[in-house]
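For reference, the structure is listed below as structure tokens.
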Amino acid sequence: PVCRFSRKHPFRKRFHKSSTKHKRAIMITNCYYSTYNRTVVLSHLYVLIPVLDNHKHYYIGRDEVEKLLQRGQGWLAHHPEKELIAKRYLKFRSSLAREALARLVEEEISEIDEENASTEEEAERKISLNEERLKTVISVLKETDVKKVIDLGCGEGQLLKLLLKEKQFEQILGMDVSIRSLEIARQKLHLDNLPATQRKRIELIHGSLMYRDKRFEGFDAATVIEVIEHMDPPRLVAFERVVFEFAKPKTVIITTPNKEYNVVWETLEADKLRHGDHRFEWTREEFQNWCETITQKYDYQVRFMSIGPEQERVGCPTQMGVFTALE
Numbered sequence: 006p007v008c009r010f011s012r013k014h015p016f017r018k019r020f021h022k023s024s025t026k027h028k029r030a031i032m033i034t035n036c037y038y039s040t041y042n043r044t045v046v047l048s049h050l051y052v053l054i055p056v057l058d059n060h061k062h063y064y065i066g067r068d069e070v071e072k073l074l075q076r077g078q079g080w081l082a083h084h085p086e087k088e089l090i091a092k093r094y095l096k097f098r099s100s101l102a103r104e105a106l107a108r109l110v111e112e113e114i115s116e117i118d119e120e121n122a123s124t125e126e127e128a129e130r131k132i133s134l135n136e137e138r139l140k141t142v143i144s145v146l147k148e149t150d151v152k153k154v155i156d157l158g159c160g161e162g163q164l165l166k167l168l169l170k171e172k173q174f175e176q177i178l179g180m181d182v183s184i185r186s187l188e189i190a191r192q193k194l195h196l197d198n199l200p201a202t203q204r205k206r207i208e209l210i211h212g213s214l215m216y217r218d219k220r221f222e223g224f225d226a227a228t229v230i231e232v233i234e235h236m237d238p239p240r241l242v243a244f245e246r247v248v249f250e251f252a253k254p255k256t257v258i259i260t261t262p263n264k265e266y267n268v269v270w271e272t273l274e275a276d277k278l279r280h281g282d283h284r285f286e287w288t289r290e291e292f293q294n295w296c297e298t299i300t301q302k303y304d305y306q307v308r309f310m311s312i313g314p315e316q317e318r319v320g321c322p323t324q325m326g327v328f329t330a331l332e
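Using this note's numbering, you'd call the opening residue of the sequence shown number 6 and step up by one each time.
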């Protein structure tokens, strides 16, 4: 929005109810014109008015982080003053501001991932790899007495849709860092039109795998499908703690690309990663070593599975680790 005119009004006295003291308050009238629609402008104002005023007299908790990210969707991640905005909106609560900024960066990266996913999707579509991967995950979950499942990094809800079809899963929670992906998932799952009994079974939340979140706790199983390769390797330690130390589901299923198989894809250039924004891809040995390290840190055991057509010497395109908590 562009300010057409601004007028400063005379000082006014503002008294505190419990005191005879007063503060001087400044009132300014601004008139704006904009080519944006009303919803976008109101979202900006919702965030920026308290930032400019800087007078919040109520407790600032994590729910304020959620409000900031929701109202800042689509613009705050790209704003040149996003750090100042986050700090002032959250009353300089440094831990909350750091979390908000980190999640803004993750969401921005997630949106880039969605835009650049064509190469990987084209290659996998030829063998329906994603469909086979999701069906394998469902099959493993059905083998156990799992009733409550959380899908961490649920994206547009492909796995959630399959989970809803199985009556065994009584509580389903989908979490993603991208608000846009969650909105697409909501539409594809037709959440607003589901029967009441079905609607009670499923919920979508905005969150991050980098921070402990009590909403992740209390589930029988957690699925992390094609997610870890989008993280910077140094951040995997935080992810491990969030899932295995704090959330502690009985079963954890993690899938990730098998780097060795990339030579099979005709559309991939030599030594290129399968996805333009993957931070890394592991060989089977590298993935298994990482999983074994987790079992040494936390009370879990792991078994490995391969998904997709197998090729001699390079294995299958997807590798999966199924972690089970030790009694």
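For every residue, glycine included, the Cβ atom is placed at its ideal position computed from N, Cα and C.
Anticipated Cβ contact below 8 Å, residue i with residue j, distance rounded
i	j	result
residue 184	residue 74	7 Å
residue 169	residue 156	Incorrect: roughly 11 Å between the Cβ atoms, too far for contact.
residue 206	residue 176	6 Å
residue 286	residue 278	5 Å
residue 208	residue 251	In fact, because the Cβ distance is near 19 Å, the residues do not count as touching under 8 Å.
residue 244	residue 230	About 14 Å separates the two Cβ atoms, so there is no contact after all.
Cut-off 8 Å between Cβ atoms - residues of its own chain near residue i, not counting five sequence neighbours on either side
i	result
residue 141	310, 312 and 325
residue 321	263, 266, 311, 312, 313, 314 and 315
Simplified DSSP state of residue i, which is helix, strand or coil
i	result
residue 303	coil
residue 178	strand
residue 203	helix
residue 240	helix
residue 83	helix
residue 261	strand
residue 288	coil
residue 124	The predicted position of residue 124 is uncertain, since its pLDDT is 47 and thus under 50; a value taken from the coordinates is nonetheless stated next. Residue 124 falls in the helix class under three-state DSSP.
residue 272	coil
residue 138	helix
residue 309	strand
residue 317	coil
residue 148	helix
residue 208	strand
Contacts around residue i, its chain only, beta-carbon distance under 7 Å, and the 5 residues preceding and following it disregarded
i	result
residue 91	73, 102, 105 and 106
residue 145	258 and 327
Span of the beta strand (DSSP E) around residue i
i	result
residue 153	153-157
residue 226	226-230
Unbroken alpha helix (DSSP H) run spanning residue i, endpoints
i	result
residue 74	67-76
residue 184	184-193
residue 324	Element bounds for residue 324: not the alpha helix (DSSP H) but the beta strand (DSSP E), 323-330.
residue 170	163-170
Own chain residues within Cβ distance below 6 Å of residue i, not counting five before or after
i	result
residue 78	184
residue 87	81
residue 143	167
Problem set entry | Any 3 or more C-beta pairs closer than 8 Å across the stretch 314-332 and the stretch 251-271 | With a cut-off of 8 Å, the stretch 251-271 and the stretch 314-332 count as touching, because enough Cβ pairs lie within range.
Exercise. Counting pairs of beta carbons, one from the stretch 223-235 and one from the stretch 145-153, are three or more of them closer than 8 Å?
Worked result: Yes, they touch.
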